[in-house]
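K.L.:
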Amino acid sequence: MTLEGALSNLGGLVDLGGPVVAILLAMSLISLAVIIYKGGQFVKAGVGRHDRLRRASAALDRGDWDEARALLGDSRSHLAPLVEAMLDRMNAADPETYQARVEVEAAERLDRLEGGFRLLDSIAQIAPLLGLFGTVLGMIDAFQALQEAGDNVDPSILAGGIWVALMTTAAGLAVAMPTALVLTWFETRTEAERAMADGLIRRAFCPVESVPNAG
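According to our numbering, the sequence shown is numbered sequentially starting from 46.
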(Lines of atoms letter the chains of each structure in order from A and count residues from 1; the text may use other names and numbers.)
(Lines give C-alpha, C1' and ligand atoms only; values in the text may rest on other atoms or scores of the structure.)
Protein backbone atom coordinates (compact mmCIF):
# COMPACT_ATOMS: atom_id res chain seq x y z
CA MET A 1 0.00 0.00 0.00
CA THR A 2 1.31 3.41 -0.97
CA LEU A 3 1.54 6.33 1.43
CA GLU A 4 -1.16 8.12 -0.51
CA GLY A 5 -3.45 5.11 -0.20
CA ALA A 6 -2.79 4.80 3.52
CA LEU A 7 -3.57 8.48 4.08
CA SER A 8 -6.72 8.10 2.01
CA ASN A 9 -7.85 5.17 4.17
CA LEU A 10 -7.16 7.14 7.35
CA GLY A 11 -9.14 10.04 5.95
CA GLY A 12 -12.01 7.67 5.22
CA LEU A 13 -11.96 6.35 8.78
CA VAL A 14 -12.04 9.87 10.16
CA ASP A 15 -14.96 10.75 7.87
CA LEU A 16 -16.88 7.69 9.07
CA GLY A 17 -16.04 7.91 12.75
CA GLY A 18 -16.13 11.66 13.04
CA PRO A 19 -14.24 13.73 15.61
CA VAL A 20 -13.93 10.81 18.06
CA VAL A 21 -11.85 8.79 15.60
CA ALA A 22 -9.83 11.91 14.76
CA ILE A 23 -9.02 12.38 18.46
CA LEU A 24 -8.11 8.69 18.82
CA LEU A 25 -5.85 8.96 15.78
CA ALA A 26 -4.08 11.96 17.34
CA MET A 27 -3.72 10.03 20.61
CA SER A 28 -2.21 7.07 18.77
CA LEU A 29 0.37 9.34 17.12
CA ILE A 30 1.26 10.91 20.49
CA SER A 31 1.56 7.46 22.06
CA LEU A 32 3.78 6.23 19.23
CA ALA A 33 6.02 9.30 19.48
CA VAL A 34 6.44 8.89 23.25
CA ILE A 35 7.14 5.16 22.91
CA ILE A 36 9.82 5.74 20.27
CA TYR A 37 11.42 8.47 22.38
CA LYS A 38 11.38 6.34 25.53
CA GLY A 39 12.76 3.36 23.64
CA GLY A 40 15.67 5.44 22.40
CA GLN A 41 16.22 6.83 25.89
CA PHE A 42 16.28 3.32 27.41
CA VAL A 43 18.74 2.08 24.79
CA LYS A 44 21.02 5.09 25.28
CA ALA A 45 20.92 4.65 29.07
CA GLY A 46 21.78 0.96 28.77
CA VAL A 47 18.66 -0.10 30.65
CA GLY A 48 18.70 -3.84 31.29
CA ARG A 49 22.46 -4.19 30.81
CA HIS A 50 23.00 -5.76 34.20
CA ASP A 51 25.59 -8.46 33.59
CA ARG A 52 28.62 -6.38 34.60
CA LEU A 53 26.60 -4.59 37.26
CA ARG A 54 25.73 -7.91 38.91
CA ARG A 55 29.37 -8.96 38.87
CA ALA A 56 30.37 -5.57 40.25
CA SER A 57 27.75 -5.98 42.96
CA ALA A 58 29.22 -9.35 43.92
CA ALA A 59 32.70 -7.78 44.01
CA LEU A 60 31.42 -5.04 46.31
CA ASP A 61 29.97 -7.71 48.58
CA ARG A 62 33.44 -9.21 48.82
CA GLY A 63 34.95 -5.79 49.45
CA ASP A 64 36.93 -5.98 46.20
CA TRP A 65 36.58 -2.39 45.03
CA ASP A 66 39.27 -2.66 42.35
CA GLU A 67 37.41 -5.43 40.53
CA ALA A 68 34.14 -3.55 40.98
CA ARG A 69 35.66 -0.42 39.42
CA ALA A 70 36.99 -2.40 36.46
CA LEU A 71 33.60 -3.99 35.82
CA LEU A 72 31.79 -0.68 36.18
CA GLY A 73 34.21 0.95 33.75
CA ASP A 74 33.25 -1.62 31.10
CA SER A 75 29.50 -1.31 31.74
CA ARG A 76 27.24 0.67 29.41
CA SER A 77 24.58 1.14 32.07
CA HIS A 78 23.64 4.65 33.15
CA LEU A 79 24.06 3.48 36.75
CA ALA A 80 27.75 2.63 36.34
CA PRO A 81 29.12 6.23 36.42
CA LEU A 82 27.06 6.94 39.53
CA VAL A 83 28.47 3.95 41.40
CA GLU A 84 32.01 4.69 40.17
CA ALA A 85 31.79 8.24 41.50
CA MET A 86 30.39 6.87 44.73
CA LEU A 87 33.36 4.54 45.18
CA ASP A 88 35.82 7.35 44.44
CA ARG A 89 34.27 9.61 47.07
CA MET A 90 33.33 7.10 49.75
CA ASN A 91 35.77 8.59 52.27
CA ALA A 92 35.08 12.21 51.37
CA ALA A 93 32.19 12.68 53.78
CA ASP A 94 30.22 11.11 56.56
CA PRO A 95 29.08 7.69 55.21
CA GLU A 96 25.41 8.08 56.16
CA THR A 97 25.19 11.57 54.71
CA TYR A 98 26.92 10.53 51.51
CA GLN A 99 24.74 7.43 51.14
CA ALA A 100 21.64 9.62 51.31
CA ARG A 101 23.13 11.88 48.61
CA VAL A 102 23.87 8.92 46.33
CA GLU A 103 20.35 7.58 46.81
CA VAL A 104 18.94 10.96 45.79
CA GLU A 105 21.09 11.01 42.63
CA ALA A 106 19.98 7.47 41.77
CA ALA A 107 16.34 8.45 42.28
CA GLU A 108 16.78 11.42 39.93
CA ARG A 109 18.18 9.16 37.21
CA LEU A 110 15.24 6.78 37.61
CA ASP A 111 12.77 9.68 37.58
CA ARG A 112 14.11 10.68 34.17
CA LEU A 113 13.43 7.15 32.93
CA GLU A 114 9.85 7.41 34.20
CA GLY A 115 9.19 10.65 32.33
CA GLY A 116 6.23 10.19 29.97
CA PHE A 117 4.81 7.18 31.82
CA ARG A 118 1.86 9.18 33.13
CA LEU A 119 1.00 10.36 29.62
CA LEU A 120 1.06 6.80 28.28
CA ASP A 121 -1.04 5.63 31.22
CA SER A 122 -3.60 8.37 30.55
CA ILE A 123 -3.84 7.39 26.88
CA ALA A 124 -4.26 3.71 27.79
CA GLN A 125 -7.11 4.56 30.16
CA ILE A 126 -8.89 7.27 28.18
CA ALA A 127 -8.77 5.72 24.68
CA PRO A 128 -11.27 2.87 25.40
CA LEU A 129 -13.63 5.26 27.19
CA LEU A 130 -13.44 7.70 24.31
CA GLY A 131 -14.13 4.86 21.88
CA LEU A 132 -17.16 3.80 23.92
CA PHE A 133 -18.37 7.40 23.98
CA GLY A 134 -18.13 7.47 20.19
CA THR A 135 -20.13 4.24 20.00
CA VAL A 136 -22.91 5.71 22.15
CA LEU A 137 -23.05 8.80 19.95
CA GLY A 138 -23.12 6.62 16.84
CA MET A 139 -25.94 4.48 18.21
CA ILE A 140 -27.95 7.61 18.99
CA ASP A 141 -27.49 8.80 15.40
CA ALA A 142 -28.45 5.37 14.04
CA PHE A 143 -31.69 5.14 16.00
CA GLN A 144 -32.49 8.76 15.21
CA ALA A 145 -32.13 7.98 11.49
CA LEU A 146 -34.33 4.90 11.99
CA GLN A 147 -37.01 7.01 13.66
CA GLU A 148 -36.94 9.60 10.90
CA ALA A 149 -37.43 6.87 8.30
CA GLY A 150 -40.89 6.25 9.75
CA ASP A 151 -42.78 3.46 8.00
CA ASN A 152 -40.12 3.18 5.30
CA VAL A 153 -37.70 1.40 7.60
CA ASP A 154 -34.60 0.08 5.90
CA PRO A 155 -32.64 -2.38 8.10
CA SER A 156 -29.46 -1.34 6.32
CA ILE A 157 -29.79 2.13 7.88
CA LEU A 158 -29.62 0.66 11.38
CA ALA A 159 -26.95 -1.91 10.48
CA GLY A 160 -24.77 0.70 8.82
CA GLY A 161 -25.08 3.05 11.77
CA ILE A 162 -24.24 0.31 14.26
CA TRP A 163 -21.05 -0.85 12.54
CA VAL A 164 -19.83 2.70 12.18
CA ALA A 165 -20.56 3.26 15.88
CA LEU A 166 -18.74 0.09 16.92
CA MET A 167 -15.75 1.15 14.86
CA THR A 168 -14.92 3.83 17.44
CA THR A 169 -14.81 1.22 20.22
CA ALA A 170 -12.46 -0.90 18.13
CA ALA A 171 -10.30 2.16 17.43
CA GLY A 172 -10.14 2.99 21.14
CA LEU A 173 -9.06 -0.53 22.04
CA ALA A 174 -6.52 -0.55 19.20
CA VAL A 175 -4.89 2.53 20.72
CA ALA A 176 -5.15 1.45 24.37
CA MET A 177 -3.95 -2.16 24.27
CA PRO A 178 -0.49 -1.73 22.69
CA THR A 179 0.07 1.43 24.74
CA ALA A 180 -0.72 -0.44 27.96
CA LEU A 181 1.52 -3.37 27.01
CA VAL A 182 4.50 -1.17 26.18
CA LEU A 183 3.96 0.91 29.33
CA THR A 184 3.98 -2.26 31.43
CA TRP A 185 7.28 -3.29 29.84
CA PHE A 186 8.79 0.15 30.49
CA GLU A 187 7.65 0.06 34.12
CA THR A 188 9.04 -3.44 34.61
CA ARG A 189 12.43 -2.44 33.25
CA THR A 190 12.49 0.69 35.40
CA GLU A 191 11.70 -1.31 38.54
CA ALA A 192 14.57 -3.66 37.67
CA GLU A 193 16.86 -0.62 37.38
CA ARG A 194 15.63 0.62 40.75
CA ALA A 195 16.34 -2.73 42.41
CA MET A 196 19.81 -2.87 40.84
CA ALA A 197 20.67 0.68 41.96
CA ASP A 198 19.46 -0.03 45.49
CA GLY A 199 21.49 -3.24 45.67
CA LEU A 200 24.68 -1.59 44.40
CA ILE A 201 24.43 1.27 46.87
CA ARG A 202 23.71 -0.95 49.85
CA ARG A 203 26.50 -3.38 49.00
CA ALA A 204 28.99 -0.55 48.61
CA PHE A 205 28.16 0.92 52.00
CA CYS A 206 27.66 -2.39 53.80
CA PRO A 207 29.53 -5.25 52.08
CA VAL A 208 29.05 -8.78 53.42
CA GLU A 209 32.77 -9.04 54.20
CA SER A 210 32.45 -6.15 56.65
CA VAL A 211 29.60 -7.74 58.59
CA PRO A 212 30.90 -9.69 61.62
CA ASN A 213 29.87 -13.32 61.90
CA ALA A 214 27.30 -14.09 64.55
CA GLY A 215 28.63 -15.89 67.60
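For glycine and all other residues, C-beta sits at the position ideal for the given N, C-alpha and C.
State yes or no: is the C-beta of A216 within less than 8 Å of the C-beta of L74?
P.N.:
Not in contact: A216 and L74 (Cβ atoms no closer than 8 Å).
K.L.:
Decide if the region 171-178 is in contact with the region 219-226; the criterion is three or more beta carbon pairs, one per stretch, under 8 Å apart.
P.N.:
The region 171-178, when compared against the region 219-226, does touch it at the 8 Å Cβ threshold.
K.L.:
Assuming A33 and A125 form a contact by the criterion Cβ under 8 Å, report the distance between their Cβ atoms to the nearest whole angstrom.
P.N.:
It is not possible to answer for residue 33, since the shown part of the chain is limited to 46 through 260.
K.L.:
So what does DSSP say about S120, is it helix, strand or coil?
P.N.:
Residue state, collapsed to three classes: coil.
K.L.:
Do L132 and A249 have their CB atoms nearer than 8 Å?
P.N.:
Contact: yes.
K.L.:
Would S120 and L98 be called neighbours here (beta carbons separated by less than 8 Å)?
P.N.:
Their beta carbons are under 8 Å apart, which means S120 touches L98 by this criterion.
K.L.:
Going by DSSP in three states, V209 sits in which element: helix, strand or coil?
P.N.:
V209: helix per DSSP, three-state reduction.
K.L.:
With H, G and I counted as helix, E and B as strand and the rest as coil, what does DSSP make of V92?
P.N.:
The answer is coil: DSSP assigns V92 none of H, G, I, E or B.
K.L.:
Give me the Cβ distance between G179 and V79, rounded to the nearest whole Å; I'm assuming they're in contact under 8 Å.
P.N.:
About 23 Å separates the two Cβ atoms, so there is no contact after all.
K.L.:
Answer with buried or exposed for S102, where buried requires no fewer than 16 other C-beta atoms within 10 angstroms of its C-beta.
P.N.:
Answer is buried; the Cβ neighbour count reaches 16.
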